[in-house]
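Engineer:
Number of protein chains: 2
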Amino acid sequence: MAKAGDRARTTAAPALSSLDFALDRGSPVPLYHQLAQQLEAAIEHGILTPGNLLGNEVDLSVRLGLSRPTVRQAIQSLVDKGLLVRRRGVGTQVVHSQVKRPLELSSLYDDLEAAGQGPTTEVVRNEVVAASCDVAAALGVAEGSEVTALERLRRTHGQPVALLCNYLPSALLDLDSARLESTGLYRMMRSAGITLHSARQTVGARAATAEEAARLDEQEGAALLTMQRTAYDDTGRPVEYATHIYRASRYTFDFQLLVRP
Amino acid sequence: MAKAGDRARTTAAPALSSLDFALDRGSPVPLYHQLAQQLEAAIEHGILTPGNLLGNEVDLSVRLGLSRPTVRQAIQSLVDKGLLVRRRGVGTQVVHSQVKRPLELSSLYDDLEAAGQGPTTEVVRNEVVAASCDVAAALGVAEGSEVTALERLRRTHGQPVALLCNYLPSALLDLDSARLESTGLYRMMRSAGITLHSARQTVGARAATAEEAARLDEQEGAALLTMQRTAYDDTGRPVEYATHIYRASRYTFDFQLLVRP
DNA sequence: CAGTGGTCTAGACCACTGT
DNA sequence: CAGTGGTCTAGACCACTGA
Chain A
1 MAKAGDRART
11 TAAPALSSLD
21 FALDRGSPVP
31 LYHQLAQQLE
41 AAIEHGILTP
51 GNLLGNEVDL
61 SVRLGLSRPT
71 VRQAIQSLVD
81 KGLLVRRRGV
91 GTQVVHSQVK
101 RPLELSSLYD
111 DLEAAGQGPT
121 TEVVRNEVVA
131 ASCDVAAALG
141 VAEGSEVTAL
151 ERLRRTHGQP
161 VALLCNYLPS
171 ALLDLDSARL
181 ESTGLYRMMR
191 SAGITLHSAR
201 QTVGARAATA
211 EEAARLDEQE
221 GAALLTMQRT
231 AYDDTGRPVE
241 YATHIYRASR
251 YTFDFQLLVR
261 P
Chain B
1 MAKAGDRART
11 TAAPALSSLD
21 FALDRGSPVP
31 LYHQLAQQLE
41 AAIEHGILTP
51 GNLLGNEVDL
61 SVRLGLSRPT
71 VRQAIQSLVD
81 KGLLVRRRGV
91 GTQVVHSQVK
101 RPLELSSLYD
111 DLEAAGQGPT
121 TEVVRNEVVA
131 ASCDVAAALG
141 VAEGSEVTAL
151 ERLRRTHGQP
161 VALLCNYLPS
171 ALLDLDSARL
181 ESTGLYRMMR
191 SAGITLHSAR
201 QTVGARAATA
211 EEAARLDEQE
221 GAALLTMQRT
231 AYDDTGRPVE
241 YATHIYRASR
251 YTFDFQLLVR
261 P
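Top to bottom, those sequences are chains A and B.
Each residue of the first sequence is one higher than the one before, starting from 1 at the first, in the UniProt record's numbering.
Each residue of the second sequence is one higher than the one before, starting from 1 at the first, in the UniProt record's numbering.
What follows is the structure, given as structure tokens:
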């Protein structure tokens, strides 16, 4: 039942009706996910109205031949990503995407997702040691247990950026230094069957000691950015404790927060 | 069809069957939310098995007199919070809660949620000025437009902790210094009808200038933790630009990450 | 193989928003 | 008031896991 006078009333998306979403029911990727991806792509490419209404859910589901819950699931995933906003009685809007890509050096994200992917990483130390008191506490193991101590120096453009110190229960994983430099720690953990679930981080600052300054090519007393992290797998077991030091002159953490109502 | 030999086979939760969830269909709070809250409370209080299986969804929905999607929605919200893990073919497990409450000073969270709630906040400056170049860029307004410049000194235990510098489009909000000290900035924004949606933050470090050192009761050159933030409302419009400086000796950011698959 | 979560449907009623 | 999203139901089939 196509209505004749179907022009935009408020500030609706004229593009949406003409957008052809290609949904493949044979694909192993869920329908709601296919739809979400295509909506996201449309937003990304500016095809979808940067500021305003995106037709209602019922019409959309009819047009796509999907049920409303499926369409809702797709939309909800984009709401969770912060790309859309829903208002009862009003409609669903595309958020003005202020968030472009103003990343400079590295970020919290690729620290987690692609640790070791950055320019170059040199493994300075890789040995099994007895857990010290604080490491044992963080990893939830007995003091003196065997843990792998890892120390890596990360450089970009040939300049030192960070000194990464990591501890892992040595039973968990074999850490080959060569692969570590090319593959990255988190990738190695994942292929060893460890599925990361959550992490607790503390970010602070302090002045560099003489030794740290020497290794990072800074002056003694220069400001350093520090980060401690304990990471857990999906059973809640601690799998990594990290102490990182960054040259504040060459590194900042930057990330986005979403406010959950 | 209650089966007779209903004892736990693997490491099921014996408590769950005896837990009585009180669902009030008359309440304005959604059923899935009521269920989620009560599940969360059960986990919090250790009533629900800290490490293992939580009966399957169909049984649960039958027992509670709810539909499966509703039960799933409740469970999903706890999965999103990181409290539960689902595995296809296996079941739903309670994550070992390593994450207790090891907060010390302040945190990213109460910075956002309860800005100004901390111990004491003194408004040092509160005036309308012409937007400088960087402020204008961050707030997406013309250079020279009227913006409210805010400068606050935060103390805990009588000691300075942070110097908070905020800029807001002056058209948005009337900022009364007295209320600002008692109520907090974000609370004032919310009651002015501004719904915060997202924010972009950059955290770094640098050495204190002489003036900063004097105001924060530090030595010149001491390490400071810095944070810049631009906050957006739900239309994507920038509503705040902030530049904060923290005494590294008295403040750290700490927060939790959840890894999304 | 039986049991689990993952996906999907086709309806329904309600609460809220704006006119 | 009509239109929107918010919630809820009672089914269905599939993909994966583990014994």
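A virtual CB, placed ideally from N, CA and C, is assigned to each residue, including glycine.
Bear in mind that the values here come from a model prediction, so they are computed numbers and not experimental data.
Since Ala149(B) contacts Glu127(B) with CB under 8 Å, what's their CB separation in whole angstroms?
Structural biologist: Taking the second sequence and counting its residues from 1, the one referred to as residue 149(B) is at position 149. Taking the second sequence and counting its residues from 1, the one referred to as residue 127(B) is at position 127. At roughly 6 Å, the Cβ-Cβ gap stays under 8 Å, so Ala149(B) and Glu127(B) are in contact.
Engineer: In the structure shown, what three-state DSSP assignment does Glu40(B) receive?
Structural biologist: Translated into the one-based positions of the second sequence, residue 40(B) becomes position 40. Three-state DSSP puts Glu40(B) in a helix.
Engineer: I'd like to know if Val259(B) contacts chain A, where contact means its C-beta is closer than 9 Å to some C-beta of that chain.
Structural biologist: Taking the first residue of the second sequence as 1, we reach residue 259(B) at position 259. By this cut-off, Val259(B) is an interface position.
Engineer: Quick one: list the residues of chain B neighbouring His96(A), beta-carbon separation under 7 Å, in chain order.
Structural biologist: Numbered from 1 along the first sequence, position 96 holds the residue referred to as residue 96(A). Those within 7 Å of His96(A) in chain B are Thr235, Gly236, Arg237.
Engineer: Residue range of the alpha helix (DSSP H) that Thr70(A) falls in?
Structural biologist: The residue you call residue 70(A) lines up with position 70 of the first sequence. Segment 68–81, the alpha helix (DSSP H) holding Thr70(A).
Engineer: Which one or two residues does DSSP pair with Gly204(B) in a beta bridge?
Structural biologist: Within the second sequence, the letter at position 204 stands for residue 204(B). BP columns for Gly204(B) point to Thr226(B).
Engineer: List, in order along the chain, the chain B residues whose C-beta lies closer than 9 Å to that of Leu224(A)?
Structural biologist: Residue numbering aside, residue 224(A) sits at position 224 when the first sequence is read from its first letter. Per Cβ cutoff of 9 Å: Ala205, Ala223.
Engineer: Among Arg63(B), Ile75(B), Ile43(B), His45(B), which has the Cα closest to the Cα of His33(B)?
Structural biologist: As a working mapping, residue 33(B) is identified with position 33 in the second sequence. Here the closest residue by C-alpha is Ile75(B).
Engineer: Under a Cβ-count criterion, where at least 16 other Cβ atoms within 10 Å of its own Cβ denotes burial, should Glu122(B) be classed as buried or exposed?
Structural biologist: Within the second sequence, residue 122(B) is the residue found at index 122, counting from 1. Label assigned to Glu122(B): exposed.
Engineer: What residues from the UniProt domain "HTH gntR-type" (29–97) of chain B come within 9 Å of chain A, judged by C-beta to C-beta, listed N to C?
Structural biologist: Pro50, Gly51, Pro69, Asp80, Gly82, Val85, Arg87, Gln93, Val94, Val95, His96, Ser97
Engineer: From the beta carbon of Phe255(A), is the nearest beta carbon of chain B less than 9 Å away?
Structural biologist: Here residue 255(A) is taken as the residue at index 255 of the first sequence, counted from 1. Taking Cβ atoms only, chain B reaches closer than 9 Å to Phe255(A), which makes this a yes.
Engineer: I'd like to check one pair, Glu40(A) with Leu139(A): are the Cβ atoms closer than 9 Å?
Structural biologist: Along the first sequence, one-based indexing puts residue 139(A) at 139. Along the first sequence, one-based indexing puts residue 40(A) at 40. It is not a contact, given that the beta carbons lie outside the stated cut-off.
Engineer: Distance, Cα to Cα, Ile43(B) vs Val94(B)?
Structural biologist: Sequence index remark: in the second sequence, residue 43(B) carries index 43 (1-based). Sequence index remark: in the second sequence, residue 94(B) carries index 94 (1-based). When rounded, the distance between both Cα atoms is 8 Å.
Engineer: Check whether chain A comes within 9 Å of Tyr241(B), counting only Cβ atoms and requiring the distance to be less than that.
Structural biologist: As a first step, residue 241(B) must be located in the second sequence, where it is residue number 241. Chain A contact via Cβ: absent.
Engineer: For Thr230(A), count the other beta carbons within 10 Å of its own beta carbon; 16 or more makes it buried, fewer makes it exposed. Which is it?
Structural biologist: On the first sequence, residue 230(A) is found 230 positions in, with the first residue counted as 1. It is buried - the Cβ of Thr230(A) has at least 16 other Cβ atoms within 10 Å.
Engineer: How long is the line joining the alpha carbons of Arg68(A) and Val90(A), rounded to whole angstroms?
Structural biologist: By 1-based counting over the first sequence, the position of residue 68(A) is 68. By 1-based counting over the first sequence, the position of residue 90(A) is 90. Going by the C-alpha atoms only, they are around 17 Å apart.
Engineer: Measuring only between beta-carbons, confirm whether Ser249(B) sits less than 9 Å from chain A.
Structural biologist: Along the second sequence, one-based indexing puts residue 249(B) at 249. So yes, Ser249(B) belongs to the interface.
Engineer: Is the Cβ-Cβ distance between Leu35(A) and Val85(A) less than 9 Å?
Structural biologist: Indexing the first sequence from 1 puts residue 35(A) at position 35. Indexing the first sequence from 1 puts residue 85(A) at position 85. Here Leu35(A) is not near Val85(A), since their CB atoms are 9 Å or more apart.
Engineer: Which residues in the same chain have their Cβ closer than 8 Å to the Cβ of Lys100(B), if we skip the five residues on either side of it in sequence?
Structural biologist: The count along the second sequence starts at 1 and reaches residue 100(B) at position 100. The predicted position of Lys100(B) is uncertain, since its pLDDT is 48 and thus under 50; a value taken from the coordinates is nonetheless stated next. No residues qualify anywhere along the chain.
Engineer: For Leu182(B), does the three-state DSSP call read helix, strand or coil?
Structural biologist: The residue you call residue 182(B) lines up with position 182 of the second sequence. First, the amino acid is wrong: residue 182(B) is Ser here, not Leu. In this structure, Ser182(B) counts as helix in the three-state DSSP scheme.
Engineer: Taking C-beta pairs closer than 9 Å, name the residues in chain A that Ser198(B) reaches, listed in chain order.
Structural biologist: As a first step, residue 198(B) is located in the second sequence; it is residue number 198 there, counting from the start. Result: Gly82, Val95, Gln98, Val99, Gln256, Leu257, Leu258, Val259.
Engineer: Buried or exposed for Pro201(B), going by 16 or more other Cβ atoms inside 10 Å?
Structural biologist: What you label residue 201(B) is simply residue 201 of the second sequence in a count that begins at 1. A small fix is needed here, since residue 201(B) is Gln in this sequence, not Pro. Around the beta carbon of Gln201(B), 16 or more other beta carbons sit within 10 angstroms, so the residue counts as buried.
Engineer: Where does Ser249(A) land, buried or exposed, given buried means 16+ other C-beta within 10 angstroms?
Structural biologist: Taking the first residue of the first sequence as position 1, residue 249(A) is located at position 249. The residue in question, Ser249(A), is buried, as its Cβ has 16 or more Cβ neighbours within 10 Å.
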